[in-house]
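Scroll down for the structure; my scribbles are underneath it.
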Amino acid sequence: MADAFASKGYPCLILDIFNGDPVPLKMPDNFDLNGWIAHGSDGNNPHTAEQIDPIIIAGLNYMKGLGLSRIGAAGYCFGAKYVVRNYNHGIQCAFLAHPSFVENSEFARISGPLSIAAAGVDEYFPTHKRHETEEILRTVGQEYQIHLYGAVGHGFAVRADPEDRVQRFAKEQAFHQALVWFNHHLGEGREALGC
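Count along the sequence shown from 1, add 435, and you get the number used in the working numbering.
What follows is the structure in structure tokens.
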């Protein structure tokens, strides 16, 4: 995804919020996602806010240190939570795709424009959560949009099957959604994008 944004003129910084321990691309049926979050794959590498927030803040500070003053952030799946949690540390606008584990109280603290690409079938951002989020964003008063991609599931914006025209189209449209959002809020002078 960072290469796609970079090809459109955005300097991108990719942060390893997994600390070298990503979720397997094809999760086995017995994969303990909550255990992985709490302890990591080896039991000694947790993926909680205490470990991830400092990584995000350091990345934002790095971009600011380069003289970048308008920063957009893209958060896909697990990363969406940390974009939302750290919005107030220098993010001017954000895009989320199929967000996971974002608390309502975190959405309520958004301090700027937010665009969400939601999957029609998503166990981590189901219909009721999407509706709750919309109501929260409405009361927060920041500009927002939520686009629903009905015929796809969680992960579609990054893991779409390129041979499936419905999935491919949804992925392409979600990228276009993000790009238009960033162009509108960051301007044509494109500053930076944290992915």
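Note that CB positions come from ideal geometry on N, CA and C, so glycine has one too.
Cα-Cα separation between residue i and residue j, rounded to whole angstroms
| i | j | result |
| --- | --- | --- |
| residue 570 | residue 544 | 13 Å |
| residue 604 | residue 473 | 35 Å |
| residue 517 | residue 598 | 31 Å |
| residue 540 | residue 479 | 28 Å |
| residue 533 | residue 590 | 6 Å |
| residue 586 | residue 565 | 16 Å |
| residue 438 | residue 593 | 12 Å |
| residue 615 | residue 449 | 20 Å |
Three-way DSSP call (helix, strand, coil) for residue i in this model
| i | result |
| --- | --- |
| residue 591 | helix |
| residue 556 | strand |
| residue 533 | coil |
| residue 510 | strand |
| residue 497 | helix |
| residue 543 | coil |
| residue 585 | strand |
| residue 574 | helix |
| residue 483 | coil |
Counterpart residues of residue i in DSSP-defined beta bridges
| i | result |
| --- | --- |
| residue 526 | None; residue 526 has no bridge partner. |
| residue 549 | 529 and 579 |
Close Cβ partners of residue i (< 6 Å) along its chain, the five nearest in sequence each way excluded
| i | result |
| --- | --- |
| residue 579 | 549 and 572 |
| residue 617 | 507 |
| residue 531 | 510, 515 and 551 |
Contact set for residue i: own chain, Cβ-Cβ below 8 Å, skip 5 residues either direction
| i | result |
| --- | --- |
| residue 462 | 468 |
| residue 451 | 490 |
| residue 476 | 456 |
Where the alpha helix (DSSP H) containing residue i begins and where it ends
| i | result |
| --- | --- |
| residue 517 | 513-520 |
| residue 458 | Per DSSP, residue 458 belongs to no alpha helix (DSSP H) and is neither H nor E. |
Other residues of its chain near residue i: CB distance less than 7 Å, five sequence neighbours each side excluded
| i | result |
| --- | --- |
| residue 527 | 505, 506, 507, 547, 620 and 621 |
| residue 484 | 520 |
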